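First residue of the sequence shown? That's 9 in the numbering used here, and the numbers climb one at a time after it. I have placed the structure first, in the form of structure tokens, so that the comments after it can refer back to it.
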Amino acid sequence: MQFTRLRLSGFKSFVDPTELRIDPGLTGIVGPNGCGKSNVVEALRWVMGENSAKSMRGSGMDDVIFAGTSARPPRNLADVTLTVANEARTAPAAFNDADTLEVSRRIERAAGSAYRINGRDVRAQDVRLLFADAATGAHSPALVSQGRIGVLITAKPAARRAILEEAAGVSGLHTRRKEAEKRLRAAETNLTRVADVIQQLDQRAASLKRQATQATKYRDLSDRIARAEAALFYLRWRAADREASDLDAARGEAGQHVAWLTAQVSERTRAQGEAEAALPALRKAETEAGAALQRLTLARDQMEERERQRAATARRLAAQKDDLDRDLAREREVAGDAQAARARLDAEAETLTKEAAAAVAARQEAQTALDAARVAAEAAQGEADAAAARVAEARAAKTSLDTDRAALARREQRLDAERAALDRESAFAEAEDDGEAALRAAEAAADEAEAALEAAGRAVERAETDSAAARQTAEATRTALNEAERAHGRLDTEAQALARMVAGRDDGERPAIAERVRVAPGLEKALGAALGDDLTAPEEPAADQAGEAADAAPSPRAWRALAPLGEAPSLPAAAEPLAAHVDAPPALARRLAQTGLVADRAAGEALLGQLAPGQRLVSRDGAVWRWDGLVTAADAPAPAAVRLEQRNRLEALRDQLADARATLDRAGRDHGEAQGAVRAAETGEADARRARQAADRAVADARRAQTQAEREAARRAAAAARLAERRQRLDADAADLAEQRRALDARAATVPDLAALDRALAEAKAAADRQRAELADARARADALAAQGAARERRLAAIKTERADWDRRADRAAGHLTGLEERLAKTARDLAIYAEPPADLDDQRRDLIARIEAASAERAAAGDALAAAETAKARADAALKECEGQLAAARETHVRLEANADNASARRRQLAHECGERFACPPSHLPQAMDFGDPDDLPEAAAMAERLDTLKSRRERMGAVNLRAEEELREVAEQRDHLDGERADLEAAIHRLRRGIGELNREGRERLMAAFEQVNRHFADLFTSLFGGGEAHLALVDSDDPLEAGLEIMASPPGKRLQSLSLLSGGEQALTALSLIFAVFVTNPAPICVLDEVDAPLDDANVERFCDLLDHMVERTRTRFLVVTHNAVTMSRVSRLFGVTMPERGVSQLVSVDLDEAEAMAASV
């Protein structure tokens, strides 16, 4: 595949649609820093599947969308399309039908990315695999971005292995291996889940088998409960019928008693009416006497009330006169106080007015003195400030001089100390040995360690071969052991489940007779069809076992052992007796003796007419032909038949388990021996690896010692040069310090006398203090006079306010005196009127008392007559009430009996209706319909209800019963078979995936080692070509597995010894890294190589070599190169140039020129 064109739209700074042609040869991309050159390279990586926002220099993937400028709005999407030529048909099969592939990636803000190939949506993984198979991709070493050379130089050997994998073309293998490992983990997880589901299904099947047994027992109990409910219903109906008859008789007797009591109530009502007729006249006489007495009593009370009111009014008027006397005295006192206060305030106001006139002149004199003192104080303070400034300037100059002298002294001390240290270092350096002997010894030790390392490597290879063979044998035995374990586990699980299902019950009831029946394998359905549900009935115990069976719950049906029939009819000749194949209790002997086994349905149909009464034929698949003509086709096996099949299957499984156990033991022994061989081989391999690691460490130690010796020699030479340089610097510093000391001595002569300046400053400060004191005294006098004047003004205002207030008080007092004098005169007149009572008041009181006594006697006589009449009326009422109470009670009893009788009749009818609905017959027919015997022999209803509760309790103790257990059991068996198939498919898929991963690893190692040899050879050639000599090679380090080993670069430029890449100079490191990159291209050429400013650390001579190498690579491979550069030499050597400009801030544009065409045009002119 070849990259031909790159289109960008809305990607970073390329807001407008932009196209970059990628033609054969060298294509240069130039432009100022920050104009967007690297955005072109990032667009190429982004469209090939880069998903790291950090690698795209952003905090999120949405940052690749144009963010807008001050002149342009932001975009909501970005699109990059890469056109790839596919004429050679090297693309993956899914995309290999087109000559040209257009790979596009489109991102919408906050919506994520979408990939397309030729307009068809694809996954990001499909795009990565497409480019990985072409030896390129977003992280391909062929995309050499800024700083990539430095990263390759400083990278650890394990990180450098990626460039070797690129050369081997195993990037796609790595991707496929990771995908296979992911699928392997998923398949193993699914296998575990399937095993769990199978285990759950087995558990559920065992549970369903138990539930089927419970369902049979549940149906039997339900039948018994139905008969018990019918008997209890009959007993309740019969009790309701008797109750209704008894209540009808009691209702008639109660009606007769109600009629007699009604007559008694009529007689007593008449007597009560006569007594009540005499009461109204007596009540009227008593009422009139009471009214007359009430009027007289009221007149007496009114007279007494008038006397009390007159006395109270006299007392109130006397008190009011006393209050008015006191108020009049108080108001006269207030008027006198107001007159005195007004006189006092007038005198004080006159005094304050005179003092204010006298204080005006004193205040003017104090203000004049204050102004003069302020001017004098300001002048004295100015003189003091000027003197302080002169002192501060002199002191600052003196301090600066002292500081500079102290700093100069410290520098002279440091210089003396450095000279002493330099003398000591020089003496020590002269005493040291040159170390040449140590360097030669280190080189010899390194050579010996490398020879030991080669021998250890050969030993490891032999140990690995032995270990691989042992592991292969152990893997084969492990597979056999796993198969044996799975087979034994399946048989054991099935046997345990069947053993639990066929185990005898211990639930307080006698077991079904099917538990004691044994039938030949294959005839379970035949026996189940012949006996049917009768197999679930228990066997009646023999006489010698009656005591043991007494504890078991009674059963409504059971098998009883009978003697064989004396003249039993024979089965048809073509029918084989079923009893010959069945081992059963004697109770089944008669039934089995009259049951024949036929080969198929045709034989059964042929023999049906020959059957004697009581005989039947069965086929192996469960069809039945009965003597009376009833034919039953083969159907699902009965639970008893299933139980017989399970028992037979259990016996067969036990035989198979013994064989499986023997096979498992043999496989375990073989695997144990193979594991022992593996452990021995792994121990030998580990010992060999440890020996090689020790040899490797010895080589590393020797190389480090050699490198240390070389560095020590270089260090001593560099130290001597540094000592000479330091001595020259110290001499220059000493001369500079002497010059500075002379300058400081000259400055000291210009500093003024600080003592004289301090005395002048003290005198100026004293004069300023005296002036400030005089100013404070003048200000205090002026403030005191001002405060006194303000106080007088405030007091005059207060006097004016108080004078007005006392005037108002005097006016109010005069008004109050006038009113009080008028009220006092009126009160005295009223008091004289109420002080004396009327003259005829005592005569009126005596006449009224006499009249009240006469009226009281009349009322007492009328009351006695009324009381006697009311007593007679009360006795008549009591007699009537008693008789009415008896009548009401009798009526209530009659009504209650009627209601009870109606309810009893309704209950009898309701029970009859419910009986018709539940049992489809009237209650009287229940004994015959439900077959529970003679009704007279039934127990009491309470006992029958208790028996019914017992049966229901037994059924409830069974809990929830699954009546669909048999059908669900068949469904579970079908699911189990389906999951067994899926488990086998998963195991096969896991085996294939493991084999595929192993093949990928093996192929990766082979291709990696082959690529290593080629890259190493090309690297040596390119290194020699770039450096004009020298030698270099690659080495795999840190691991014996090529897929885990690191890549170390060893180089020896012309005139230098062989050393690692990190010890070379910067330019040598860059050229060596470029040699390795181009060696990869020669080994496995990538469709495109991007070199982003890789020539920056090279000088002009090395840039020429770099360009020559590019020309050589163009001729040697089909790789197309994009070179981002600022170097004029590199620009002159490319075939075409694309310039990235930024005509407006934040927006990039692309312009191009074809230099080859330009040269051709220039030559033609």
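Beta carbons: idealized from backbone N, C-alpha and C, even for Gly. Here the structure is a predicted model, which means the values were calculated and not measured.
Buried/exposed call for residue i, threshold 16 Cβ in 10 Å
i: H999; result: exposed
i: V1098; result: buried
i: A561; result: Its pLDDT being 48, under 50, A561 is placed unreliably in this model, and the coordinates cannot settle the point.
i: N41; result: exposed
i: A740; result: exposed
i: K889; result: exposed
i: N1092; result: buried
i: N104; result: exposed
i: L596; result: buried
i: D559; result: The predicted position of D559 is uncertain, since its pLDDT is 46 and thus under 50; a value taken from the coordinates is nonetheless stated next. With fewer than 16 Cβ atoms within 10 Å of its Cβ, D559 is classed as exposed.
i: G512; result: Bear in mind that the predicted position of G512 carries a pLDDT of just 48, short of 50, making it unreliable; the figure below should be weighed with that in mind. Classification for G512: exposed.
i: E1014; result: exposed
i: N126; result: exposed
i: V1148; result: buried
i: Q264; result: exposed
Rounded separation between residue i and residue j - CA only
i: L16; j: R1113; result: 33 angstroms
i: S961; j: A238; result: 18 angstroms
i: V23; j: S63; result: 21 angstroms
i: F19; j: N1135; result: 27 angstroms
i: V686; j: A713; result: 39 angstroms
i: L615; j: D608; result: 11 angstroms
i: A484; j: T691; result: 20 angstroms
i: L1069; j: E1152; result: 44 angstroms
i: S689; j: G676; result: Just to set this straight, residue 689 is Ala in the shown sequence, not Ser. Whole-angstrom Cα-Cα distance: 20 angstroms.
i: H147; j: A93; result: 21 angstroms
i: R246; j: E906; result: 20 angstroms
i: E782; j: V399; result: 27 angstroms
i: G516; j: A495; result: Only weak support is given to the placement of G516: the predicted model assigns it a pLDDT of 49, under 50, and the value that follows is read from those uncertain coordinates. Taking the straight line joining both Cα atoms gives about 38 angstroms.
i: S230; j: A592; result: 29 angstroms
i: D678; j: G989; result: 29 angstroms
i: Q716; j: I1085; result: 30 angstroms
i: D256; j: R904; result: 12 angstroms
i: R117; j: K45; result: 23 angstroms
Proximity below 8 angstroms, CB of residue i to CB of residue j
i: A1081; j: I157; result: yes
i: L652; j: L535; result: yes
i: R113; j: V88; result: yes
i: A385; j: R780; result: yes
i: I206; j: L959; result: no
i: A343; j: A822; result: yes
i: R599; j: L539; result: yes
i: L1130; j: I37; result: yes
i: S1083; j: F1020; result: no
i: A396; j: L745; result: no
Beta-bridge pairing of residue i - partner residues as DSSP gives them
i: T376; result: DSSP, once it has assigned bridges, lists no residue as partnering T376.
i: G684; result: Paired residues: none, contrary to the question.
i: H1041; result: M1058
i: A633; result: According to the sequence as given, residue 633 is Trp; it is not Ala. DSSP, once it has assigned bridges, lists L625 and V639 as partnering W633.
i: Q10; result: A93
i: V2; result: Residue 2 is absent from the structure shown; the chain starts at 9 and stops at 1173.
- request: Check whether the stretch 220-234 touches the stretch 961-980, taking contact to mean three or more Cβ pairs, one atom from each stretch, closer than 8 angstroms.
  value: yes
- request: Answer yes if the stretch 249-266 comes into contact with the stretch 912-927, meaning at least three C-beta pairs across the two stretches below 8 angstroms, and no otherwise.
  value: yes
field: Three-pair Cβ contact test at 8 angstroms for the stretch 50-58 versus the stretch 126-144
entry: yes
message: Between the stretch 794-802 and the stretch 360-367, can you find at least three pairs of beta-carbon atoms closer than 8 angstroms?
response: yes
message: Check whether the stretch 576-583 and the stretch 616-623 touch, using three or more Cβ-Cβ pairs below 8 angstroms as the test.
response: yes
- prompt: Would you say the stretch 334-353 touches the stretch 874-887, given that touching needs at least three Cβ pairs under 8 angstroms?
  reply: no
message: Would you call the stretch 267-274 in contact with the stretch 891-907, where contact means no fewer than 3 C-beta pairs closer than 8 angstroms?
response: yes
- prompt: Any chance the stretch 693-700 sits against the stretch 464-479, with 3 or more Cβ pairs inside 8 angstroms?
  reply: yes
query: With a cut-off of 8 angstroms, do at least 3 Cβ pairs link the stretch 372-384 to the stretch 750-762?
result: no
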